[in-house]
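Reviewing the structure listed below.
Protein chains: 2
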Amino acid sequence: MTPSGTTSGGAADPAGQPAWELLLPAAGAPARRRGRALQEALREAVRSGRLAAGTRLPSTRELAADLGVSRGLVTEAYEQLTAEGYLRGARGAGTWVGGAVRVPGGGGSGTGGAGGTAGADGRGVRGPGAGVPGPGVRVDFRPGTPDLSLFPRSAWAAAQRSVLARLPHRALGYPDPRGLPELREALAGMLARRRGVVADPERLVVCSGVAQASTLLGFVLRARGLRTVGVEDPGSPEHGRLFASTGMETVWLPLDGEGLRPEPLAASGVRAVVVTPSHQFPSGIGWSAGRRAALLDWARAVDGYVLEDDYDGDFRYDRAPVGALQGLDPERVVYAGSVSKSLAPGLRLGWTLVPEELLDEVVERKRTMDLGNPVLDQAVLAEFVTRGGYDRQLRRCQRAYRERRDALLAALAEHLPGTGVSGIAAGLHVIARVPARFGPPERFLARAAGAGVALRSLEEYGTARPADGDVRLVIGYAHLAPSAIAEGIGLVAGAVGG
Amino acid sequence: MTPSGTTSGGAADPAGQPAWELLLPAAGAPARRRGRALQEALREAVRSGRLAAGTRLPSTRELAADLGVSRGLVTEAYEQLTAEGYLRGARGAGTWVGGAVRVPGGGGSGTGGAGGTAGADGRGVRGPGAGVPGPGVRVDFRPGTPDLSLFPRSAWAAAQRSVLARLPHRALGYPDPRGLPELREALAGMLARRRGVVADPERLVVCSGVAQASTLLGFVLRARGLRTVGVEDPGSPEHGRLFASTGMETVWLPLDGEGLRPEPLAASGVRAVVVTPSHQFPSGIGWSAGRRAALLDWARAVDGYVLEDDYDGDFRYDRAPVGALQGLDPERVVYAGSVSKSLAPGLRLGWTLVPEELLDEVVERKRTMDLGNPVLDQAVLAEFVTRGGYDRQLRRCQRAYRERRDALLAALAEHLPGTGVSGIAAGLHVIARVPARFGPPERFLARAAGAGVALRSLEEYGTARPADGDVRLVIGYAHLAPSAIAEGIGLVAGAVGG
């Protein structure tokens, strides 16, 4: 259980101790929390600079032996942090501390600077009425809405009662525009734990959701002289509309399978981008570690900012969610999330983590927009998070949505054979590519609509117009029962001759 | 009970019937509601054009006889509508329909156009932390906060429970940016009844309070090319700050005892003003009917807009509240109010009534700012308004605040004799003018602070610097128990040698 001297080159910290010592408390955590604790400790060691960029890590076998934990736990930690961009590795060639991290006060030096960039994806923001079926719609596969019937009404009502019973009178007065202190504290802890962000409650601003976080940032950047913002192509057109309301023009930046393509980003002249690296909307990819690092290099090189729209980062079905980009450089990344996918969009309750440099301006914008979020819902959410209700709700949704995703994949395989589903197993939607023989796309969509099935084509979310005749769909499944999913895909197949 | 032929010149409507017939249903209302019903019917008759501008009304004695109601009721109705600007009258010379009304679809022609203007006053918007006593403060007379202990916690909790039990799942989705339909309906009815506004639910936008209503309007007007907004002097500096955040510069416009002075307004070049005609903040005057009409004439002449901040219009202690300016011309007046004084500022829940011409732009702004207000509080307030809880709450506050105002006046008379209190008996604050012998002002305020009493000087709210040596204070009393009020004024008197 004590660290041996098997540290690899550079792994000793200034005090001369092997840095692996930092990981020991994590290794001593109870078994069920040991894996996560190890990852958190490793992340923190990289952030703090105690593990400097370029440091070669011990092999998984060596470190497991040093720490007295299973080798699988170490392998998993290396993989997780590699996906998030903290570590770099090549099969058979070992694992190093990457250069992507830049946390003030920490020493994550970072060499990087390859001038690359990374993909922009967008969702979490959305116009009114989405997901509300129109007349004649039997099954609505349009993405963007969670299952509203999963809202934990009785638990929420109990928390409301408790809040009204205990809240001091003065809390009902004009609020702190940054949000209720107890909520900021609770959210910071939850986000650090679940999303791997650097979450200082002093940097967290409660807002009405990712949409407001976008508008707040847009106004601040516009006042600083920026006039354009890059958005992912394909991506959510809503990001562009929100920034347009602040006087900023949108530049579409092309994605590939790893993230934003570096050259078009570098050539665009923008100094701000909106991205969804954990689960790109709508393409469904998770950004590669290389593109995450490249995006941050770009942001540093142009003195720019990245808005990370973490609209569904909590929902990953095949592995632990990849930590947020913000954890790698909290001074360049504005992180935004909300309860819209986990509880209900109607709560209009979210958060943004803001670089120190922009904080005062964002808070003053928030103040002039609405003086701050309503206090009662804030207090209820704080209680919900601190007493475990929020984690329970996420687990509940996770189970339901995984089951629905499986139901969708099975229905597609059965009724529209040959359909490919791309993207990671995550979130509330998939990209399905239906073979050309069921098309062409316009007829496919028209016939589906005729059969009472509302579908959205991928083309609605960007500038690309593929010519292969395949039908590319963005299918939201989270709000539909498995039986409705099967019925809907069956109706489509019947209408298009599947 | 039937109308006789005693109608005065011009009072017959196009169908040839005496217009007084319009008032008959009101006259037949149950006794306790008869007075209000008569006023509403008379207001509506003027708005609809059935009583055209210039029409001479019967004497109070004649109309009372025609309608079979008491003469006092008619006198009261004439006085009320004269104060609001619907009617004009001169002692002994009779009463006419005024020219101020301009309601589309109605025929309230209006001659007006005298190029006058009216006073700007401002509150209802406020920075964070107001009313929160600092360390060492024993009694805090700073204005702006209601008594937060009057918030009806158990009634609100019951409404929350009922809402969570009945709300359909889809109501938890992305909201209508204009607000929950049931709340807009409920508020429109309540505002028409209580504040005499023309309240079409389709024109009502639920927002987070008067502050957001100001910012929404500011952005819309700025996008239309306006660059300046007039505010009342004295007035709330917060209005200027909010409009500044939208890119508009503030022009202070001087008040006198009746409202905004016409000449400086006309000379200012502004095409938008923010005013508080029902109870000017901070001076406490109610605008005269003449200045109300003149302001609307000005707005029409310059193709401008008036933001009416009705921050405390529900609280009047000596008579029925004077109806809102918006009722006279809903196409020129943007009306804004909130629950901040009646329930709690922390709810961040308010409303704005918007001219047709600006409606789409205001709604789109609201959408990009936050997608709409949170739905649960909206549903709770709707239930509260429709089931009578809101009226009960207003009555409760009204009783408490009237008692506190009386306690303040008594304490001033006892401890600081010679102090004059100006302004109408309304709202949550008074202007007190303490004789120069207790001064000078700086020393007075310093000594009060030294005794643990927080006070605000009128000079903080505008540009005027009177040289008479009297101490002019803006004293908020609503949040203090009568005993605390007496204690606070006693402490001041002890410190300044009263």
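So the protein lines, in turn, are chains U and E.
Take the first sequence: its letters are residues 1 to 498, numbered as in my numbering.
Take the second sequence: its letters are residues 499 to 996, numbered as in my numbering.
Glycine included, C-beta positions come from ideal geometry on N, C-alpha and C.
Check	Outcome
7 Å CB neighbourhood of Ser568(E) in its chain, flanking five on each side removed	Ala562
8 Å contact criterion, which Ala493(U) and Leu409(U) should meet: CB distance rounded	Actually they do not touch by this definition, with Cβ atoms about 14 Å apart.
Gln891(E) at chain U interface by Cβ criterion, 8 Å	no
Best match in Leu892(E), Arg931(E), Val772(E), Gln710(E) for proximity to Leu753(E) [C-alpha to C-alpha]	Val772(E)
For Pro466(U), the three-state DSSP class (helix, strand or coil)	coil
Chain-ordered neighbours of Trp252(U) on chain E, where CB pairs are closer than 8 Å	The premise fails here: Trp252(U) is roughly 19 Å from chain E at the closest Cβ pair, so nothing lies under 8 Å.
Assigned secondary structure, Gly627(E) (DSSP; H/G/I helix, E/B strand, else coil)	A caution first: Gly627(E) carries a pLDDT of 36, below 50, which makes its placement in the model unreliable, though a value can still be read off. DSSP places Gly627(E) in coil when its eight states are reduced to three.
Coil, strand or helix - Glu680(E) by DSSP	helix
Simplified DSSP state of Trp997(E), which is helix, strand or coil	Absent from the model: residue 997(E). The displayed extent of chain E is 499 to 996, so no value can be given.
CB contact flag (Arg640(E), Arg954(E), <8 Å)	yes
Residue span of the beta strand (DSSP E) that contains His239(U), given as start and end	Careful: His239(U) lies outside any beta strand (DSSP E), inside the alpha helix (DSSP H) at 237-244.
Spatial distance of Asp468(U) from Glu442(U) (CA atoms)	13 Å
Cross-chain neighbours of Gly179(U) in chain E, by beta carbon under 8 Å	Simply none; closest approach about 11 Å.
CB contact below 8 Å: Leu24(U) versus chain E	no
Best match in Arg396(U), His279(U), Leu221(U), Ser245(U) for proximity to Tyr305(U) [C-alpha to C-alpha]	Leu221(U)
Ordered list of alpha helix (DSSP H) runs contained in the region 870-895 of chain E, each at least 4 residues	873-884
Proximity test, Arg292(U) beta-carbon vs the ligand SAM heavy atom, cut-off 7 Å	Among the ligands in the structure shown, none appear at all, so the ligand SAM cannot be discussed.
Within chain E, the residues that His169(U) reaches when beta carbons sit closer than 7 Å	Leu646, Ser647
Where Val375(U) meets chain E, residues with beta-carbon distance less than 7 Å	Gly844
Collapsed DSSP secondary structure at Arg433(U) in the structure displayed	strand
Pick from Arg534(E), Val972(E), Ala527(E), Val800(E) that is closest to Ala783(E), judged by C-alpha positions	As written in the sequence, residue 783(E) is Ile, which differs from the Ala given in the question. Selected option, being the one with the closest Cα: Val972(E).
Top-ranked residue by Cα proximity to Arg830(E), from Pro699(E), Ala797(E), Arg548(E)	Ala797(E)
Beta-carbon proximity list for Ala842(E), same chain, < 7 Å, skipping 5 on both sides	Leu646, Phe649
Proximity below 8 Å, CB of Tyr78(U) to CB of Val101(U)	no
Completely contained alpha helix (DSSP H) runs for the region 294-377 of chain U, where each covers 4 or more residues	356-370
Any 3 or more C-beta pairs closer than 8 Å across the region 881-890 of chain E and the region 375-390 of chain U	no
Assigned secondary structure, Trp20(U) (DSSP; H/G/I helix, E/B strand, else coil)	helix
Residues that DSSP places opposite Arg954(E) in a beta bridge	Val972(E)
Candidates Leu57(U), Ala83(U), Leu445(U), Val375(U), of which the one nearest His169(U) by Cα	Val375(U)
The region 357-371 of chain U: positions lying closer than 9 Å to chain E by Cβ	Glu364, Arg365, Arg367, Thr368, Met369, Asp370, Leu371
Exposure of Gly995(E), with buried meaning 16 or more beta-carbon neighbours within 10 Å	exposed
Neighbouring residues, chain E, relative to Thr215(U) (Cβ below 7 Å)	Thr866, Met867
Listed by chain order, chain U residues near Tyr888(E) by CB distance under 9 Å	What Tyr888(E) touches in chain U: nothing, since even the nearest Cβ is about 16 Å away.
Buried or exposed by the 16-neighbour rule on C-beta atoms within 10 Å, applied to Gly5(U)	With a pLDDT of 35 at Gly5(U), under the threshold of 50, the modelled position of this residue cannot be trusted; read the value that follows with caution. So Gly5(U) counts as exposed.
Chain U contact for Ala654(E) (CB, 8 Å cutoff)	The identity of residue 654(E) in the sequence shown is Trp, whereas the question assumes Ala. Trp654(E) counts as touching chain U.
8 Å Cβ cutoff, Pro175(U) in contact with chain E	yes
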